Every structure is written in C-alpha cells, then in structure tokens.
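Worksheet for the structure shown next.
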Amino acid sequence: MARRYGRLELLAAFVGAVAGLTAFSLDLAIETFHGALEAIEGRAVLGPLDLGLVAAPALGGLISGLITWRFAPEAKGHGIPSVIEAFLFRRGEIPARVPAATPRTTASIRA
1409 MARRYGRLEL LAAFVGAVAG LTAFSLDLAI ETFHGALEAI EGRAVLGPLD
1459 LGLVAAPALG GLISGLITWR FAPEAKGHGI PSVIEAFLFR RGEIPARVPA
1509 ATPRTTASIR A
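Residue numbering for the sequence shown follows the numbering used here, starting at 1409 and increasing by one per position.
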C-alpha cells in the first residue's frame, strides 16, 4: 500500500513540475511576443494614425490563426466543446498537437 502511494506522490510531483514549467514557458512566450510587437509598434507611427497600434493585434491574430490552421485545426474555438467531444466520442483522447499548439496561439494573442 505504501509503495502505491509513493508512486502516486511521484506522479503528482512530476505533473506539478511539468505544469510549472509550462506556465513559465507560456509567460516567457508572452513576454517575447510582447517585446517583438512593441518594437514593431515603436517604428510604425504615421502622424495621428498609429499604425503599430492597429497592426499589433492583427499580427497576433494572424500568427494565432496560422498556427491553428497549420498545426492543430482541432484547437480552434474556446476548447470546452472540444474537450466534451473528446470525452464523449474519442474516449477522452485529445491529439498531442493540440496542447502543444495552444500556448503558442495564446502567447501571440495575449502579447
């Protein structure tokens, strides 16, 4: 019995470490995108119309759309309907490319 709990604790520690590294990676990606878009925004000023202010969100949406379209079409939308569909029709299996693509799209939009 103690051996079983030991494995469970080891698994919980592993999942926690992976979750922490994922959160750190997402924060780093958001900061990277933010810095890149600030650099673009700083150079693209056209009088009273700040082109960078318009281009930055559009560029983030374009990057997000391209990542989703090319690498994980299943990742489109809010995600909850996809999880429900996976649970009901695919025995809870979500393709590995979906969780790999989602943080990248989030970082490009949140920047």
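Even for Gly, the Cβ is constructed at its ideal location relative to N, Cα and C.
The structure presented is a predicted model; accordingly, all values stated were derived computationally and were not measured.
Beta carbon of residue i, beta carbon of residue j: below 9 Å?
| i | j | result |
| --- | --- | --- |
| I1502 | S1490 | yes |
| F1441 | G1468 | yes |
Once DSSP output is grouped into helix, strand and coil, what is the label at residue i?
| i | result |
| --- | --- |
| E1439 | helix |
| R1389 | Any question about residue 1389 goes unanswered here, given that the chain covers just 1409 to 1519. |
| A1504 | coil |
| A1425 | helix |
| A1480 | coil |
Starting from the Cα of residue i, find the closest Cα among the options and give me that residue.
| i | options | result |
| --- | --- | --- |
| A1447 | A1463, A1494, L1436 | A1463 |
| F1479 | L1496, A1437, T1510, A1466 | T1510 |
| L1500 | L1434, I1492, V1426 | The question names Leu, yet the displayed sequence has Gly at residue 1500. Here the closest residue by C-alpha is I1492. |
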